[in-house]
Structures are given as C-alpha cells and as structure tokens.
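Numbering (the numbering used here), first residue to last: 10 to 443.
Just so it is clear, CB atoms sit at the ideal spot from N, CA and C, and this is done for glycine as well.
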C-alpha cells in the first residue's frame, strides 16, 4: 500500500502544480513547460528517465516507462494533462492559481481537472521507488499538453510522432472516473468510464446578398443562419443505447430494484432520480449552438454569417450525426467540422475493468461501482489511434454535497485532501495488480 509520505506528497504536488499557471486559452496560447519540468523532476527523483517532448516551443509533454516484472504482458498507459482552462480571479473566493490549502481542501484551477490525478500518479510512482515495487506489466506514464483545446500539441502529437514510446500499450487509464456520486438517499455510486461520445464541433456558414439594412432582402445571411441555428437547437435527437450505457442502465435498475425497461428509457431515467445524471447525457447525440459571428454595422446586411455548434455523437452514430446536420442546416447554410474526434467504446467485462472495480471496492466497500460513458472527451481519443483501449479512472472519494461535475471548468474548483488520499490508495492498489 502507498506509504504515508505518498499521502503527504499528493497534497504538496497538487498545490505546487496549481501554482504553475498553465492556462490554455486556445489557439496555441499556453505554456505547459514549467509544469512538465516539475513533473519530470519528480519522476527523475524516483529513478525514471522521463522524456520531454514538444511539437511547439513551450508546449511540453512528459513520457516515462516503468518496466514490469512480466515482459510478456501488454503495457498499460497512465495519462493526465497539464493544461487548464482559464479562470477569472475576481470570481473566486481564493486566487485560482494560489494552490491554497485550507480547511482540509486544496483550492485552485486544476484541482479536479486534472492536476490532482497528475499528483496522484507522481505520488504513487515515488512510493514504489522507495519500496522497490515493480508492477506486473510495463506502465507508461504520460503528462500531456493541450488537452483543453485541440490536443494537437499534446496527445495527438505523441500518438502521431512518438508512437514508439507507447509500444506494447493496449489499454490506458485517464481522467474522469471512479469518483463518488451521492444519490441523495444514502447510496454512493462510483462510475467507471468505459466510453466517450465523439467530438463534433461544427462551424456553420451562411452566405447571402450584402445590402443596405433599410431595404428588403430575402437573401439575408443572418436570417438564414438564425433559422438553421434554431432548427439545430430545437432538434429532438432519437434514443440510441450503446453497450456501455445499456450496461449502466441495467446495473442501476438492479441497484434501485427497478425493472430495466430499455424500451422506455426516459421513464426509467425519471425513476432513477439523481442517479440518472450519470446516463441522461449519453443516451442520444447532441448539438448545442454556442457562438455567433455576423455583421459589422447595424445598417449593413452582411454577406456572410457564422455560428459554432458543440456537437457530440455516440459510438457507432457519427453517420447519423452528419446526416442530421445536413438536414437541419438546409440548402442555404454550409457546415464543416471545426474540430472532430472519434467516439470510444471500451468493454466493461475486461480483466482490467474488473481490477479497477475491485480497487475501488476495497477502499469504498459501501460504494456501488457502475459503468459510465463520458458525455465529453479526453486524451483517450488521440491515444486510441495507437490501438489503446481507454478507461476513465481518476479515483476520488468525495463528501456529500460536493458537486464533482461543477468543479470542471467552474469557479472555486477545489479537492478535499481526503479525496486525494483515497485516490492514491486506489490508484496504487489497481496499478500493482493491473
């Protein structure tokens, strides 16, 4: 089991990493190198030989390998990203890059997304070095840049240009899974992610006839765009159940003593109460308009108008997503992918999934582990290009009233110290047996 020093270090490392501002504003505006150097130094102190890799200056990734005891076993990838989304200091109770430790909680941007997991990985690896522990299979550690934008300087770059560093890796674990969900009735759920919806960020472009704003114009680009955006926003996507979501609904129904009527999923979700939040965003494709760009003066009808839509599609349903957008945009609006990544589906009956479940149950015997499909995406998408099956597994035991989902990209992001300690113990237990 991870030693007491590991429990102290995970808190220190989380705080230290938060204090290193790695804000990713998109468009290349980020510098992860100081955090990468910090992580690499901690790994080197544990006897590893981390490689620092960049596609773009300052956008640094770290990769290191721990040799296992069984050279015939497939390798396991353990990854976390170093960048964070922006934070407005004036909105926060503490400075978002203070890494303040107060009342048993570590505060700051990245406390949950996901410098906490980075710190857990470092703490576990260093604990192993002190004990002389080697895992059964090779473990490849990767700390990535650019996850909060396109991943082109991060996991995408590593998968495309440095595939040899991941030789033998068939499975991987990363962010967002094995966290406590309190259902309001005393039950504690621990969703383990075994799938992700695909990313379809879409750019819509409407063309029309530029003219004076005082004259009638039936070729108004803004009108055409607004109509398409309205259709997309109002569209009711049909129900689609993937194997992971089907397994999640079946297990949740059994847990709550309900009939798993998958012919009436909406009715089942209503009966599940707060637990439905684990599933409701992943029973359909989705497309939410998010940005509008048009015009330059109130009395000028522009010849072009642009909108952006955050689209997500389930594994196996990208073709349906594309065809539906063709229909909803209509003949007067063109659409193209602004950013496009695959949907993922991972088995919930694999030995690795069983070992993750066992690790959580050992330290949270009162909890109920359930399958989970992430509504968004992670670096697992890019690593899937290497044939790596990805799972979301960054364990945290959270108190009732702590809204894990709200911490992602939210104000006053923070993580309890006890949650970090739990994460280290569970991650250590899993990786020793993986």
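{"query": "Residue 128 - containing alpha helix (DSSP H), residue span", "result": "124–140"}
{"query": "Cut-off 8 Å between Cβ atoms - residues of its own chain near residue 133, not counting five sequence neighbours on either side", "result": "11, 15, 433, 436, 437 and 440"}
{"query": "Candidates 214, 278 and 197, of which the one nearest residue 411 by Cα", "result": "197"}
{"query": "Buried versus exposed, by CB contacts within 10 Å (16 or more), residue 245", "result": "exposed"}
{"query": "For residue 224 and residue 445, the rounded distance between their alpha carbons", "result": "Because the chain is modelled from 10 through 443, residue 445 falls outside the range shown and cannot be assessed."}
{"query": "Closest by C-alpha distance to residue 193, when choosing among 185, 124, 31 and 281", "result": "281"}
{"query": "Straight-line gap, residue 387 to residue 373 (C-alpha atoms, nearest Å)", "result": "26 Å"}
{"query": "Cα-Cα separation between residue 407 and residue 189, rounded to whole angstroms", "result": "5 Å"}
{"query": "Run of the beta strand (DSSP E) containing residue 152, from where it starts to where it stops", "result": "148–153"}
{"query": "First and last residue of the uninterrupted beta strand (DSSP E) at residue 347", "result": "342–350"}
{"query": "Inter-residue Cα distance where the pair is residue 338 and residue 227", "result": "17 Å"}
{"query": "Candidates 119, 151 and 261, of which the one nearest residue 164 by Cα", "result": "151"}
{"query": "Same chain, Cβ closer than 8 Å to residue 161, five either side skipped, listed in chain order", "result": "64 and 155"}
{"query": "Assigned secondary structure, residue 203 (DSSP; H/G/I helix, E/B strand, else coil)", "result": "strand"}
{"query": "DSSP-derived helix/strand/coil call for residue 171", "result": "coil"}
{"query": "Whole-Å CB distance - residue 48 paired with residue 131, under 8 Å assumed", "result": "6 Å"}
{"query": "Candidates 365, 361, 367 and 325: closest to residue 353 by CA position", "result": "325"}
{"query": "Burial state of residue 365, where buried means 16 or more other Cβ atoms lie within 10 Å", "result": "buried"}
{"query": "Nearest candidate by alpha-carbon position, reference residue 427, set 112, 311 and 40", "result": "112"}
{"query": "Residue 110 to residue 343 span [Cα, whole Å]", "result": "50 Å"}
{"query": "Reduced DSSP category for residue 273 - H, G, I as helix; E, B as strand; rest coil", "result": "coil"}
{"query": "Whether residue 206 touches residue 287 by CB criterion (8 Å)", "result": "no"}
{"query": "Host beta strand (DSSP E) of residue 24 (start-end)", "result": "Careful: residue 24 lies outside any beta strand (DSSP E), inside the alpha helix (DSSP H) at 13–28."}
{"query": "Residue 400 - DSSP class collapsed to helix/strand/coil", "result": "strand"}
{"query": "Neighbour-count burial assignment, residue 199, 16 or more Cβ in a 10 Å radius", "result": "buried"}
{"query": "Extent of the continuous beta strand (DSSP E) to which residue 313 belongs", "result": "313–322"}
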